[in-house]
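Colleague: Here it is, the structure in full.
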Amino acid sequence: MISISEMKAKVKTLVEDITGQKAYFDIVPNNIKTGVLITRQATEFSGRTVDGDAHDVRHGFEIFIFSFVSADTCDSITDRLVAATDGKYSEDFRLIMVNSITPTEYDPEVGFRGNAVSMEFVER
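Sequential numbering from 136 applies to the sequence shown in the numbering used here.
This is the structure we're talking about:
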């Protein structure tokens with residue numbers, strides 16, 4: 136099993152590479168117009184081998200894609216992330232699953248739009 140900090144770094148790199156946006160953990164600077172906020176949800180183990188190693192380790196993350204530019208910008212970034220990851224394998228992950236996509240309300244006066252994507256990353 137890899138450490139949580141290694142997993143966070145891998146998820147951040149993957150999200151940034153796919154979306155083309157800067158990703159942040161827990162706090163986003165004030166001046167960002169479009170970006171990604173990542174929060175860690177949980178790590179689950181689905182069983183153990185005879186020698187005690189975890190069979191299947193799943194790391195849950197909430198990927199919040201936001202934009203003060205336009206709803207279309209936010210939605211296209213979300214679509215790109217989901218299309219590139221859901222049910223896919225990668226060098227770093229045995230499987231990536233998108234559990235849900237929750238759009239937030241669009242506020243036309245502020246111009247804010249956000250989509251929350253709940254994802255699981257299964258270790259190789």
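Ideal Cβ placement from N, Cα and C applies to all residues, glycine included.
These numbers come from a predicted model, not from an experiment.
Take residue 231 as the anchor and find which of 243, 194, 203, 249 has the nearest alpha-carbon.
Modeller: For the residues 243, 194, 203, 249, the minimum Cα distance to residue 231 belongs to 194.
Colleague: The beta strand (DSSP E) spanning residue 211 covers which residue range?
Modeller: Residue 211 -> not in any beta strand (DSSP E); alpha helix (DSSP H) instead, spanning 206-220.
Colleague: Is the CB-CB distance between residue 204 and residue 221 below 8 Å?
Modeller: No, they are not a contact pair.
Colleague: Identify every residue that forms a DSSP beta bridge with residue 223.
Modeller: For residue 223, which the question treats as bridged, DSSP gives the partners 231.
Colleague: Return yes when the Cβ of residue 196 is within less than 8 Å of the Cβ of residue 173, no when it is not.
Modeller: The answer is yes: Cβ separation under 8 Å.
Colleague: What did DSSP end up calling residue 171 once you bin it into helix, strand or coil?
Modeller: Looking at residue 171 - three-state DSSP - the assignment turns out to be strand.
Colleague: Could you pull out every residue in the same chain whose Cβ sits closer than 7 Å to the Cβ of residue 249, ignoring the five residues on either side in sequence?
Modeller: Cβ within range, chain order: 199, 200, 201, 209, 239.
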